[in-house]
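Q: The following block contains the structure, expressed as structure tokens.
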Amino acid sequence: MTTLLTASPSEVLYKAASKAAGRRRSVALRRLPLIIGLALLAIAILAITFAPLLTSAAPNQIDVLNPLAPPLTPGHLLGTDQFGRDVWSRILYGGRIDLAIAFGATSVTLVGGTIIGLVAGYFGGRIDNVLMRIVDLFFAFPFLVLIIAIIAMLGPSLLNIFLAIWITSWVAYARIMRAQVIVAKKQQYVLAARALGYSRTRVMLRHILPNTASAVIIFSMVDAIGNIALAAALGFLGLGVQPPTPEWGTMISDGQNYITTAWWLTLFPGLAIVFVGVAFSLIGDGLADVLRPGDR
Amino acid sequence: MIPAEPTGPGVPAGPGLPPVEPGPPGQTAPPPDTELAELAGAVDEADDEEAAPVPDPEVAEAVLAPVASSVVGTPLLTVEDLRTYLATGHGVVRAVDGVSFGLAQAEVLGIVGESGCGKSVTCRTIMGLLPKSLAHSSGRVIYHPRGEASLLDASQNQWQELRGSQLAMIFQDPMTALNPVLTVGEQLLEAVNAHARLTRTEARARAVELLRRVGIPAPQRRMRDYPFQFSGGMLQRALIAIALASSPRLLLADEPTTSLDVIIQDQILSLLLELQQDTGMSMILVSHDLAVITEVCDRIIVMYAGQVVEEGRAATIITEPRHPYTRALLGALPQAGHQGELPSIPGHPPSLIDPPAGCRFAPRCPLVTDKCLTWETELLDTGGEHQARCWRHEEVARQGPAQQGTEVH
């Protein structure tokens with residue numbers, strides 16, 4: 001009570017404002033997830049790029065004398081598998097494939113789905129109807145079943161994994177984008193742009209796309225994790241990259257028989273997936289904050 | 297800048313003189329044959345040459361060059377029996393129901409009316425901005441420099457050429473009319489480059505000059521700012537600069553000052569008028585505020601429930617309204633020194649899905665009679681280029697300008 005009486009109104013106001021100012025300063029901290037995520041991803045990319053420098057063993061080289069060697073065995077940092085192949089080396093080289101899937105599969109579906117959603121949302125009417133019914137068709141099947149069916153038809157290979165993902169997962173992007181575009185196209189700046197005689201392509205790409213792309217970009221980060229997990233799942237099912245090519249999911253799958261005796265065969269590839277997954281999800285979180293200033 | 301126009305029907309009058317009507321704006325009467333023939337021939341010939349080089353690329357040095365020597369009286373735009381029906385979930389909205397008017401070069405026309413009376417839909421129909429799935433239009437919108445073909449039939453490509461370079465529009469809410477993710481400079485440069493081939497430095501020079509012309513201080517620096525860094529008034533100035541980037545000959549201003557405070561309103565109106573006089577472009581100013589309209593316009597159209605209810609010269613309309621609606625609008629204007637509640641018009645505008653038969657204002661009209669409810673309404677000539685959609689217009693005129701005030705302004 002006394003403090004309330006003694007503090008002048010200006011002091012009270014000042015205190016409240018300086019508290020708020022403190023909160024505002026911490027806005028800079030919101031970029032932290034993005035920075036950490038990018039750093040982790042950079043570490044992963046550097047590691048797989050410079051894999052030959054980080055390990056002397058080739059991924060498929062068999063050390064006959066040392067099968068199922070535990071971690072920290074001399075010459076095998078993370079141990080060896082049942083054929084005596086170096087786990088650390090296989091994780092590094094396998095990462096090339098998993099990250100290739102993360103980027104290659106996701107970027108194509110991101111671009112394709114975004115364009116389709118943009119067109120559907122902007123033009124509306126019949127074009128929208130046709131495109132969205134196609135999208136519905138894909139959503140009608142369980143995603144994994146669809147992918148497995150496609151790969152079963154085409155045969156398991158890296159290219160076919162790409163194809164299966166490209167064919168099936170653009171639909172989510174198209175839907176998200178369409179919803180955003182439908183909101184954005186009613187904005188006055190779109191009307192104003194049309195009133196200036198800009199072409200439809202220009203209105204879509206320069207005025208609508210930058211205002212709507214944040215959602216799909218953020219989603220693509222989640223989707224990238226999903227695609228790595230998918231590749232791993234396919235590898236686990238034997239539909240992924242074929243042995244002896246190293247791939248994280250295949251490694252886990254191969255290691256499951258030894259899980260009680262040689263836990264390192266499954267743990268370390270699993271940790272690699274988690275590492276990259278965390279990196280992508282931090283980037284997604286960080287981007288959400290940076291790209292959507294309105295949500296703060 | 298603009299190829300010589302056929303010196304139209306009227307006498308080339310001085311800027312202060314009344315513009316000659318391009319054609320009787322009545323619902324049916326077409327312009328007299330001789331005029332039409334003369335116009336059609338002349339304009340058709342001019343059209344070919346004009347199609348391409350109109351947004352003169354050499355404008356860089358002559359920013360906002362005057363249109364020819366302002367041939368006042370030459371028709372620029374003719375709207376004939378324009379109807380725009382909107383397909384909505386509730387039914388067909390007859391948003392614009394038989395609107396006709398003409399606009400001369402360098403003329404400023406005001407369209408006034410309550411919200412939802414079809415003002416904005418009229419403008420957007422003229423600009424071809426309504427989605428085809430939603431809006432169905434009939435009638436004719438003739439932009440004379442382009443020939444006698446109605447704009448309603450223009451293709452997407454033709455529209456893209458016309459919009460911005462010939463017809464431009466500014467919108468009600470400047471806060472949302474600019475793209476939030478691009479800088480003002482980027483958007484202005486885009487508009488400058490849209491209809492002209494300029495080098496980078498030329499375009500930039502013109503953009504800066506445009507911003508300076510609309511009264512934005514430190515234009516070089518402001519080019520780099522994003523829309524949210526501008527105040528409302530400054531944004532509207534920037535939007536005007538963007539609209540005028542390709543020197544259009546007709547500017548449609550759809551409630552350009554509604555979302556601004558009164559002081560800024562006045563500045564923006566003065567700016568618009570000044571630019572209009574400098575460039576000799578024509579302007580259609582839409583507002584629900586009769587005070588704003590009378591301040592700026594040569595001629596006024598009063599709209600009610602999708603129809604024109606009165607049309608005439610600004611001075612005549614405010615001193616001698618001929619339609620009860622106009623009279624009521626005038627009576628509702630705030631006056632300095634007035635005490636107590638402002639008079640308002642009782643009731644609401646009718647639903648445009650199912651408009652009442654007869655006079656659409658009848659349910660709210662103090663002078664309503666039985667005849668009003670069945671009368672096939674039409675615009676009646678009341679003399680002196682003045683028309684009103686009221687058969688009792690003489691009685692209205694006798695009642696004087698407005699219930700309460702002596703004079704508007």
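Residue numbers (this note's numbering), protein chains in the order written: chain A, 1 to 296; chain B, 297 to 705.
Backbone N, C-alpha and C define an ideal beta-carbon position, used for all residues, glycine too.
Would you kindly report the start and end of the unbroken alpha helix (DSSP H) that includes Ala262 of chain A?
A: That residue, Ala262 of chain A, is in no alpha helix (DSSP H); it is neither H nor E in DSSP.
Q: Do you know offhand how far Leu54 of chain A's Cα is from Val87 of chain A's?
A: One C-alpha to the other measures close to 13 Å.
Q: Is there contact between the segment 195-206 of chain A and the segment 167-175 of chain A, where contact requires at least three CB pairs shorter than 8 Å?
A: Contact fails: fewer than three Cβ-Cβ distances are below 8 Å.
Q: Residues in the segment 175-196 of chain A with C-beta within 8 Å of chain B's C-beta atoms, listed in sequence order?
A: Listed in sequence order: Gln187, Gln188, Tyr189, Leu191, Ala192, Ala193, Arg194, Ala195, Leu196.
Q: Is the shortest distance between the beta-carbon of Ala653 of chain B and the beta-carbons of chain A less than 8 Å?
A: It does not: the Cβ of Ala653 of chain B has no partner Cβ on chain A nearer than 8 Å.
Q: Could you tell me if Ala693 of chain B is buried or exposed, where buried requires 16 or more neighbouring beta carbons within 10 angstroms of its beta carbon?
A: Buried, because 16 or more other Cβ atoms sit within 10 Å of the Cβ of Ala693 of chain B.
Q: Residues in the same chain with beta-carbon distance under 7 Å from Ala38 of chain A, minus the five sequence neighbours each way, listed in chain order, please.
A: Inspection of the sequence shows that residue 38 of chain A is occupied by Leu rather than by Ala. If we look at Leu38 of chain A and ignore the five residues flanking it on each side, its Cβ neighbours are Ile283.
Q: Tell me the rounded alpha-carbon separation between Ala152 of chain A and Lys186 of chain A.
A: Those two C-alpha atoms are separated by around 44 Å.
Q: Cα-Cα, which of A:Leu68, A:Ser56, A:Ser8 is closest to Ala262 of chain A?
A: The candidate whose alpha carbon is nearest that of Ala262 of chain A is A:Leu68.
Q: On the CB-based measure, 16 or more other CB atoms within 10 Å of its CB, does Thr109 of chain A come out buried or exposed?
A: Under this definition Thr109 of chain A is a buried residue.
Q: Using DSSP with H/G/I as helix, E/B as strand and the rest coil, what is Asp254 of chain A?
A: Here Asp254 of chain A sits in helix by DSSP.
Q: State the beta-bridge partners of His76 of chain A as determined by DSSP.
A: According to DSSP, His76 of chain A bridges with A:Thr73.
Q: Note the first and the last residue of the continuous beta strand (DSSP E) segment covering Val145 of chain A.
A: Note, Val145 of chain A: premise wrong, no beta strand (DSSP E); alpha helix (DSSP H) at 143-154.
Q: Starting from the beta carbon of Glu457 of chain B, find every residue of chain A whose beta carbon is closer than 9 Å, and list them in chain order.
A: Chain A residues near Glu457 of chain B: Gly197.
Q: Tell me, please, whether the CB atom of Gly37 of chain A is closer than 8 Å to any CB atom in chain B?
A: With 8 Å as the cut-off, Gly37 of chain A does not count as an interface residue toward chain B.
Q: Return no unless some Cβ of chain B is closer than 8 Å to the Cβ of Asn211 of chain A.
A: Taking Cβ atoms only, chain B reaches closer than 8 Å to Asn211 of chain A, which makes this a yes.
Q: Just checking my contact of Ala232 of chain A with Asn211 of chain A at CB under 8 Å: how many whole Å lie between their CB atoms?
A: The pair is not a contact, with the Cβ atoms about 35 Å apart (cut-off 8 Å).
Q: Evaluate Pro142 of chain A with the Cβ neighbour count: other Cβ atoms within 10 Å of its Cβ, from every protein chain shown; 16 or more gives buried, anything less gives exposed.
A: That one is exposed.
Q: Taking 8 Å as the threshold (beta carbon to beta carbon), is Gly460 of chain B in contact with chain A?
A: Closer than 8 Å: yes.
Q: Can you look up Tyr381 of chain B in the DSSP assignment and give me helix, strand or coil?
A: Tyr381 of chain B: strand per DSSP, three-state reduction.
Q: Who are the Cβ neighbours of Arg508 of chain B in its own chain at under 6 Å, not counting the five residues just before and after it?
A: Excluding positions up to five away in sequence, the list reads Pro515.
Q: Which residues bound the beta strand (DSSP E) around Glu672 of chain B?
A: Premise fails: Glu672 of chain B is in no beta strand (DSSP E) and is neither H nor E.
Q: List the DSSP bridge partners of Pro371 of chain B.
A: Per DSSP, B:Ala400.
Q: With DSSP run on the structure shown, which of helix, strand or coil describes Val510 of chain B?
A: If DSSP states are grouped into helix, strand and coil, Val510 of chain B belongs with coil.
Q: Note down, in chain order, each residue of its chain lying with its Cβ closer than 6 Å to the Cβ of Ala16 of chain A, except the 5 sequence neighbours on either side.
A: Answer for Ala16 of chain A: no residue qualifies.
Q: Checking contacts by CB at 8 Å: is Met423 of chain B closer than that to chain E?
A: Absence of chain E from the displayed structure is noted, the protein chains being A and B.
Q: Within 10 angstroms of the Cβ of His689 of chain B, are there 16 or more other Cβ atoms? Answer buried if so, exposed if not.
A: Per the 10 Å Cβ criterion, buried.
Q: Name the residue from B:Glu498, B:Asn489, B:Asn453, B:Pro523 whose alpha carbon lies nearest to the alpha carbon of Tyr189 of chain A.
A: Closest by alpha carbon: B:Pro523.
Q: Given that Gly124 of chain A touches chain B, what residues does it touch there, using C-beta distances under 8 Å?
A: Correct list: Pro427, Ser429.
Q: Between His76 of chain A and chain B, is there a C-beta pair that is closer than 8 Å?
A: Output row for His76 of chain A: interface = no.
Q: Would you grab the beta carbon distance between Ile580 of chain B and Leu405 of chain B for me? Rounded to a whole angstrom, and I think it's under 8 Å.
A: So it is a contact: roughly 5 Å between Cβ atoms.
Q: Looking at chain A, which residues of the segment 476-489 of chain B have a Cβ within less than 8 Å of any of its Cβ atoms?
A: If the cut-off is 8 Å between Cβ atoms, the segment 476-489 of chain B has Pro476, Val477, Leu478, Glu486, Ala487 near chain A.
Q: Along the chain, where does the beta strand (DSSP E) containing His432 of chain B start, and where does it finish?
A: Looking at the DSSP string, the run of the beta strand (DSSP E) that includes His432 of chain B is 431-439.
Q: Take the Cβ of Gly319 of chain B as the centre, count every other Cβ of all protein chains shown within 10 Å, and call the residue buried at 16 or more, exposed below.
A: Caution applies to Gly319 of chain B, whose pLDDT of 39 falls short of 50 and renders its modelled position unreliable; the value that the coordinates give is listed next. With 16 or more Cβ atoms within 10 Å of its Cβ, Gly319 of chain B is classed as buried.
Q: Enumerate, from N- to C-terminal direction, the unbroken alpha helix (DSSP H) stretches of 4 or more residues contained entirely within the segment 605-647 of chain B.
A: Runs of the alpha helix (DSSP H) inside the segment 605-647 of chain B: 610-615, 620-627.
Q: Within its chain, find whatever has a CB closer than 7 Å to the CB of Cys593 of chain B; leave out the 5 residues flanking it on each side and keep chain order.
A: So the qualifying residues of the chain are Val404, Leu405, Gly406, Leu581, Ala610.
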